[in-house]
Amino acid sequence: MTQYELKQAVAEAALKFIKPDLKPEAIIGIGTGSTANLFIDALATVKDSFRGAVASSEASAERLKDHGIPVFELNEVDSIVVYVDGADEANRKLQLIKGGGAALTQEKIVAQVAKTFVCIADESKSVEKLGAFPLPIEVIPMARSAIARTLVKMGGRPVYREGVVTDNGNQILDVFELDIKDAEAMETKINNIPGVVTNGLFAHRPADVLLLGTKDGVKKLSVINTMAEDGEFY
Ligand code: 5RP
22 MTQYELKQAV
32 AEAALKFIKP
42 DLKPEAIIGI
52 GTGSTANLFI
62 DALATVKDSF
72 RGAVASSEAS
82 AERLKDHGIP
92 VFELNEVDSI
102 VVYVDGADEA
112 NRKLQLIKGG
122 GAALTQEKIV
132 AQVAKTFVCI
142 ADESKSVEKL
152 GAFPLPIEVI
162 PMARSAIART
172 LVKMGGRPVY
182 REGVVTDNGN
192 QILDVFELDI
202 KDAEAMETKI
212 NNIPGVVTNG
222 LFAHRPADVL
232 LLGTKDGVKK
242 LSVINTMAED
252 GEFY
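Written as structure tokens, this is what we have:
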């Protein structure tokens, strides 16, 4: 199977996964990226069974609207029943690196509000240890160089993602070669650097469920369920 087919399979599996929770008043949180796009396309097939969506980026909001799915601002809704998004890396604790599409800040906000966070990814995103994928950090533009110097002292090699402006008007540093032994501690430490808006480690709020597209089918991994329940195939 191609990577595209694996992404498509997890996008459709996510739909099956959230369907029992769908109520007419339900608001669904939507991530950003190619896998999230496939989920939006799948969601359009059941668009009459929920109220609408909160998007984590302008691009996702546009795609939802193109499908006729009502898009709400986060400030307009009381709760989000489920958030579905892709990832750049996921470990066995379902801690993630995200931000390859530069939407990490809004993704983290919507994920935090959501009752359940379902991550959808092809098997290439599954890793033992986070950090082979360069860690994206959204920064206030005037603080970029100062933040980069601090990251160098932490052992990282920050690279400015030239030409990219986030939906919040900020810039992105991609940090190579960070030794992420403790993802929660690293997430906190980087977020405490003045001028950092947020970093792409999703460790304090990991996914609740990871649907991983493999050549043998979609594998469901969860940190809530027992190990015996893991490995279920759709
Ligand atoms: C965007 C993200 C994406 O979820 C991540 O980059 C994965 O993208 P794709 O589904 O295209 O592989 O974090 O900011």
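Under our numbering, residues 22 to 255 are what the sequence shown spells out, in order. Just so it is clear, CB atoms sit at the ideal spot from N, CA and C, and this is done for glycine as well. Small disclaimer: the values here were computed from a predicted structure and weren't measured.
- Not one heavy atom of the ligand 5RP is found less than 7 Å from the C-beta of leucine 115.
- Inter-segment contact for the segment 226–236 and the segment 109–127 is present: three or more beta-carbon pairs are separated by less than 8 Å.
- Going by C-alpha positions, leucine 194 is about 8 Å away from leucine 156.
- Linking valine 92 to isoleucine 49 through their CA atoms gives a straight-line distance of about 10 Å.
- By the Cβ-count criterion, alanine 153 is exposed, with fewer than 16 other Cβ atoms from all chains shown falling within 10 Å of its own Cβ.
- With 5 Å as the limit, the residues whose C-beta approaches any heavy atom of the ligand 5RP more closely are Thr53, Gly54, Ser55, Thr56, Gly107, Asp109, Lys119, Gly120, Gly121, Gly122, Ala124, in sequence along the chain.
- According to DSSP, residue pairing for aspartate 106 in a beta bridge involves Cys140.
- Here the alpha carbon of threonine 187 sits roughly 14 Å from the alpha carbon of lysine 129.
- Per DSSP, reduced to three states, the secondary structure at valine 180 is strand.
- Residue burial annotation: aspartate 237 is exposed, with fewer than 16 other C-beta atoms found within 10 angstroms of its C-beta.
- For serine 70, the secondary structure class from DSSP, reduced to helix, strand or coil, is helix.
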